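Per my numbering, residue 281 is the first one in the sequence shown, and the count goes up by one each step.
Working notes for the structure below.
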Amino acid sequence: MSDGRKIEDGPEIEIYRHPNAEIRSYLTQEPISNPVVESFRAPYTPEKTKSLLSLGALGKQIVQEIMTLQGITEIRVKPKEIRIIKAQEASWDCIEGPILRLLASALKRKRLRRVK
């Protein structure tokens with residue numbers, strides 16, 4: 281099941297709800313990382329920054345910001361997809377809004393950089 285969302289005149293982000301209720305994918309029309317596939321698990325620690333660098337500046341920033349949200353246990357990054365696994369006790373109602381705002385903000389910044 282999926283639906284598209286647009287945040288404050290920002291880019292459209294499609295949300296895919298997996299059969300497992302703890303997993304959601306956020307799909308973008310533009311790449312948000314370099315062409316690699318990486319996974320990050322909580323607790324996030326600075327030692328894991330080596331693989332963050334392979335994502336590029338935008339992908340790295342998105343992962344770092346999303347990992348600060350309570351209830352996130354894993355993030356898998358592909359160029360046009362962020363797949364998030366949350367803890368069972370966490371609520372999508374509480375974390376989905378901040379995730380969408382972070383992604384929309386990052387995509388807006390990417391567009392601004394490209395226009396310069």
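Think of the CB as a built atom: it goes at the ideal place given N, C-alpha and C, for glycine as much as any other residue.
Here the structure is a predicted model, which means the values were calculated and not measured.
Worksheet item: Going by beta carbon distance, what residues of the same chain come within less than 8 Å of residue 341, once the five residues before and after it are set aside?
Response: 386
Item to complete: Find the nearest neighbour of residue 323 within the set 339, 304 and 346, judged by alpha-carbon distance.
Response: 346
Discussion item. I need the straight-line Cα distance from residue 395 to residue 310, nearest angstrom please.
Written reply: At residue 395 the pLDDT is 49, less than 50, meaning the model places this residue with poor confidence; the figure from the coordinates comes in the next sentence. Taking the straight line from one Cα to the other gives about 15 Å.
Practice prompt. Would you mind working out which of 298, 314, 293 and 294 sits nearest residue 365, comparing C-alpha positions?
Written response: 298
Worksheet item: Candidates 353, 382 and 332: which alpha carbon is nearest residue 315's?
Response: 332
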